[in-house]
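Just below is one structure, and these are the notes that go with it.
Residue numbers (the working numbering): 315 to 895.
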């Protein structure tokens, strides 16, 4: 085994105001981070007033190596971007230097016998020094990778202590970064972490591969005493230091956890609790850490949480992380599925009747993404597509089919169909900044909707998802493992449908030609759909419903000129409409 202790401190550069908050990310990990901006901020504002684009140009010149990956994602409009050699190296699951298992994030790591070990740490974080109890390994740094090479193999189960001292401040792109330094409505500090996409290695040394989950983690954060800390897992200790006027909050997670789920939040929080009886009849509590001035509105808003929890437990089985608790934390950004400490923004809106879809989505992640996790970032649709589909399933369970259809329609409108939702495996994605990459959400949900329509057996479809949750609970699985087990459970092979929606940029396409003068419409499938032999599409007017069976050859029908005329896609598999001129 290797135990690694990592300590970091902030650069005290001339252009940075040296004011900060000391944050202890776990009992052996000390990092000082700033909430003030660079002195050259005013210069940048003046420059911006002259020419907007100059700011972006300046940023690229200052840190081109850092911003380039984000730009390459954002500018990519079709198919996958070209991954660099560094991104392939960083994401290679087969690299022997990655052949170790993270045990706990106070840096206990279980490994196989070998000489080299690879960690991730963003290159802006500078290594000051390191010590090792097993001699003096050589450190090689390649961009965002740290490679420690030992003279001799480290035998399995041998415990080695590795301490890393580093300094730096987390990067920020367009006011977004792994740490959100913001203020609440009263002008007080309100700080949250968010490392999904950008990568947890931007703030601490770690193994950033999705398949290498820590078995447990401790998170200790020290802040000025007027602030409170909320994090993953239960709060196990609070220690006040009168001389420094600070308080240390320590949280413990005892379940396996994705590296990007490890988080903390700092602000003026108050705690609310909602009683809940789980599906096994055990009395539980759902906890909410909210900003003090939002206590009353939050108390009403979160009445929905026990209802959503009950519905998901009935659909997918017992909540996986009761031992670590279920907590929602008011965050300074949108939302994130931080395991047992879900981050949720502060808009307090109801998107559909009595429910907030973001709350539904993030709680669904406790099953799809946190309990069942992808083996690689290429499997991200298992997290996001399934959680998005759960929004529709929840509305259907509470309100019925019309509300399910409403949510499916929203997915149809927000799907781009330009980049496949099954990502490239064995590469390091450092951002999903490109909106078209967001099809892992909407198109992932539409794929599951389509499979359900193909099956035409709702009870078997839902039972199979529940069984998969039970069998793969708290495990990392590949997309293929999910498909294989699903096919076994339903007793039919839907691989062709999964492959189409996962691997093709476009969904099936119905081509349309219109002749307004004659009131005619011609229609056909762009290509044969092997998994949809009946080929049915539905067309709805204000008064009638038509069922069409397109082939790969154009057919015609009369198109009413003055009536509303829509393709009722949510009633069939998901397909696209392309109108030819």
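Just so you know, even glycine gets a beta-carbon here, dropped at the ideal spot from N, CA and C.
These numbers were taken from a predicted model, which means no experiment stands behind them.
Counting only runs of 3 or more residues that sit fully inside the segment 777-828, the beta strand (DSSP E) segments are 789-791, in chain order.
Secondary structure within the segment 466-524: the beta strand (DSSP E) runs of 3 or more consecutive residues, fully enclosed, are 474-481, 493-497 and 503-507 (chain order). Under DSSP, the beta-bridge partners assigned to residue 583 are 605. Sequence-distant Cβ neighbours of residue 553 in its own chain, meaning closer than 6 Å and more than five residues away, are 562.
In chain order, 611 and 615 place their CB closer than 6 Å to the CB of residue 662, counting only its own chain and leaving out the 5 sequence neighbours on each side.
Distance from residue 887 to residue 715 at the Cβ level is roughly 17 Å; contact not present, criterion being Cβ atoms closer than 8 Å. One Cα belongs to residue 679, the other to residue 448, and the distance between them is close to 40 Å. Taking every protein chain shown into account, the CB of residue 778 has 16 or more other CB atoms within 10 angstroms, so this residue is buried.
Cβ-Cβ distances below 7 Å link residue 820 to 731 and 890 in the same chain, with the five nearest sequence neighbours on each side left out; the list follows chain order. About 6 Å separates the beta carbons of residue 579 and residue 645, which is inside the 8 Å limit, making them a contact pair. Residues of the same chain with a CB within less than 6 Å of the CB of residue 643, apart from the 5 flanking positions on each side, are 544, 579, 603, 655 and 657 in chain order.
Non-local C-beta neighbours of residue 722 in its own chain, meaning closer than 6 Å and more than five positions away in sequence, comprise 706, 763 and 884, ordered along the chain. Residue 664 counts as exposed, since fewer than 16 other C-beta atoms from the protein chains shown sit within 10 angstroms of its C-beta. Excluding sequence positions up to five before and after residue 593, its CB lies within less than 7 Å of the CB of 627, 628 and 632, all in the same chain and listed in chain order. Between residue 838 and residue 825, the C-beta spacing is below 8 Å. Burial of residue 696 is indicated by the presence of at least 16 other C-beta atoms within 10 angstroms of its C-beta.
Cβ neighbours of residue 739 within its own chain (closer than 7 Å, five residues either side excluded): 690 and 692.
Note on residue 551: under 16 other CB atoms within 10 angstroms of its CB, so exposed under the neighbour-count rule. In this structure, the alpha-carbon of residue 502 lies about 50 Å from that of residue 814. In this structure, residue 530 keeps its C-beta atom at 8 Å or more from the C-beta atom of residue 564. Under the three-state reduction of DSSP output, residue 654 falls in the coil class, being neither helix nor strand. Pairing residue 881 with residue 598, the inter-Cα distance amounts to about 46 Å. Distance from the CA of residue 461 to the CA of residue 454, rounded to the nearest whole angstrom, comes to 5 Å. The beta carbon of residue 711 lies closer than 6 Å to those of 625 in the same chain, with the five residues before and after it left out. For residue 810, same chain residues with a beta-carbon under 7 Å away, outside a window of 5 residues either side, are 844 and 845 in chain order. If you draw a straight line from the Cα of residue 512 to the Cα of residue 484, it comes to about 11 Å. Counting along the chain, no alpha helix (DSSP H) covers residue 692, and no H or E run does either. The C-beta distance from residue 803 to residue 893 rounds to 39 Å, too long to fall under 8 Å, and the pair is not in contact. Distance from the Cα of residue 528 is smallest, within the candidate group 493, 567, 466 and 749, for 567. For residue 650, the closest alpha carbon among the candidates 756, 724, 534 and 677 is that of 677. In the three-state reduction of the DSSP assignment, residue 640 falls in the strand class. In the three-state DSSP reduction, residue 707 falls in the helix class (H, G or I).
Counting every other CB atom within 10 Å of its CB across the protein chains shown gives residue 870 a total below 16, marking it as exposed. Membership of residue 538 in the beta strand (DSSP E) is indicated by the continuous run 531-538. In this structure, the straight-line span from the alpha carbon of residue 457 to that of residue 465 is close to 23 Å.
Boundaries of the alpha helix (DSSP H) around residue 755: 753-769.
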